[in-house]
Amino acid sequence: MYSNFIFLAAVPIWIVNLLSAALRGIGNVRVPALVTFVGAAVLVPLSPALIFGIGPFEGFGVAGAGIAVTLFYCGAAVVMLRYMASGNSGLRLTRDRLRWSMFRDILKVGLLAALNTIQLNLMVLLVTAAVSRFGVDAIGGYGTASRLDYVLIPILFGLGTAILTMVGTNVGAGHIARAKKIAWFGSAVSLAFTEIVGLIVAFVPWLWIEIFSHDAAVLETGSLYFRIVAPFYAANGIIFALSFAAQGAGRMGWVFIAGAVRLVIAAGGGWLAVVVFDASEAGLFAIIAFALTAAAAICAAAALTGAMWPSEGEKAGVAAKST
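Each residue of the sequence shown is one higher than the last, beginning at 72 in the working numbering.
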């Protein structure tokens, strides 16, 4: 029932996200952030009210959460469309014929970015399947610990949005050197933030895990994951920052390859190690940490060698387009 309502809201969800991305692209991050904030403020009380009911009104069960999301995104889509039509956004929605060149430019970056997200989630699913070989408590421990990875994503996304906008603007103007400085500064901030979080949970894992469970077995597996993987969270910060920089530069190829390498090592190598070679939980988590580091190294190498940036000929082309 939940998924029925979520799929019903697919169109307004896409409208909100696409218009938010367009606004971020021109440097307007205030309105998308405000929509996200209002969404949290609305959904936190509305979801339980529709799930469990309130006063004389009966709840809808788990479907209530889907109804809440659908109602919010339908309202948000109307607000975003009205804002874009108001003339205050800096952009105007106009009718135009469908042009393959537009689709090509969008898909050149967007398709690989979408596939990269699929790779990340597929890796988590396959690693979870490998962890399940150690029992239900191990799944609980890994799931609880890895949930922190997902909690960090919105924060890194906020930083990444700024990186993407500034890198894209400077690449479009032909200022590649400035775009590189922005990418590396953003990477340094992202690296510092993720590494600080990683070191905290590596030394005191119970700070996070005991929010969800006090079970000894769950705490043991979750703590093991944090002690082995969390010290390498800086690699995740680099991957995210350079991924957004690559989107701004229109060069997602190497980031996609890095994601594929991470998937093969963590999911494929991890599964093989557990099922065929009878590796321990610690061995599996070490493979995950290695996969994370390898992906970060590929992204960093692509940025350092210039593979992630437009060539001299392309630099002249984008500068000419910007004028």
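Don't be surprised by glycine CBs; every beta carbon is placed ideally from N, CA and C.
Next item on the list: Put T394 into one of helix, strand or coil per three-state DSSP.
Entry: Low confidence applies to T394: its pLDDT is 47, below 50, so where it sits in the model is not reliable enough to give any reading.
Item checked: Residue burial classification, R333 (beta-carbon count within 10 angstroms, cutoff 16) -> buried
Next item on the list: With a floor of 4 residues, list each alpha helix (DSSP H) that falls wholly inside the stretch 235-323, ordered by position along the chain.
Entry: 247-274, 277-280, 287-300 and 304-320
Checklist line | Helix, strand or coil at F131 according to DSSP, with G and I counted as helix | finding: coil
Margin query: Quick check on the DSSP output: the alpha helix (DSSP H) that includes L193 runs from which residue to which?
Written below: W171 to V202
Next item on the list: Report the three-state DSSP secondary structure of I224 (helix, strand or coil).
Entry: helix
Next item on the list: Just the C-alpha distance for I271 and F327, rounded to the nearest angstrom, thanks.
Entry: So the alpha carbons of these two residues sit roughly 30 Å apart.
Notebook entry, point to check: Does the distance from the C-beta atom of Q318 to that of L235 stay below 8 Å?
Noted result: Judged by beta-carbon spacing, L235 lies within the 8 Å limit of Q318, meaning their Cβ atoms are closer than that value.
Checklist line | Helix, strand or coil at G110 according to DSSP, with G and I counted as helix | finding: helix
Next item on the list: Would you kindly work out how many angstroms separate the C-alpha atoms of F174 and Y73, rounded to a whole number?
Entry: For F174 and Y73, the distance between alpha carbons rounds to 32 Å.
Check: For the stretch 303-313 against the stretch 161-175, are there 3 or more C-beta pairs whose distance is under 8 Å?
Finding: No, they do not touch.
Check: Does the distance from the CB of A201 to the CB of L355 come in under 8 Å?
Finding: yes
Notebook entry, point to check: How many Å lie between T364 and R204 at the Cα?
Noted result: 25 Å
Checklist line | Residue range of the unbroken alpha helix (DSSP H) whose run includes R95 | finding: A81 to G96
Margin query: On the DSSP letters alone, give me the boundaries of the alpha helix (DSSP H) that L162 sits inside.
Written below: Premise fails: L162 is in no alpha helix (DSSP H) and is neither H nor E.
Next item on the list: Could you tell me the distance, in whole angstroms, from the CA atom of S157 to the CA atom of G269?
Entry: Per the coordinates, the alpha-carbon of S157 lies some 44 Å from the alpha-carbon of G269.
Notebook entry, point to check: Three or more C-beta pairs closer than 8 Å, one from the stretch 256-265 and one from the stretch 295-312: is that the case here?
Noted result: yes
Item checked: C-alpha distance - V140 paired with L105, whole-angstrom precision -> Between V140 and L105, the C-alpha separation is close to 17 Å.
Note to self: Output needed for F395: all residues of its chain with C-beta closer than 7 Å, excluding positions within five of it in sequence on either side, in chain order.
What the structure shows: This structure leaves residue 395 out entirely; the chain is present only between 72 and 394.
Next item on the list: For G229, name the three-state secondary structure that DSSP assigns.
Entry: helix
Check: With distances taken between CB atoms, is the gap from A134 to F76 smaller than 8 Å?
Finding: yes
Check: Is it buried or exposed for S351, if we count other Cβ within 10 angstroms and need 16 for buried?
Finding: exposed
Checklist line | Of the residues A338, C370 and L375, the one placed nearest I358, counting alpha carbons only | finding: With distances taken between Cα atoms, I358 lies closest to A338.
Next item on the list: Compare the C-alpha of Y296 against each of V102, R166, R218 and L183 and name the closest.
Entry: R218
Note to self: What does DSSP give as the partner residue(s) for M125 in the beta ladder?
What the structure shows: It should be noted that the sequence gives Ile, not Met, for residue 125. The partner list for I125 (beta bridge, DSSP) reads F128.
Notebook entry, point to check: What are the boundary residues of the alpha helix (DSSP H) that V345 is part of?
Noted result: G341 to V346
Check: R95: buried (16+ other C-beta within 10 angstroms of its C-beta) or exposed?
Finding: buried
Notebook entry, point to check: What is the DSSP secondary structure of G403, reduced to helix, strand or coil?
Noted result: Residue 403 lies beyond the stretch modelled for the chain, which goes from 72 to 394, so this question has no answer here.
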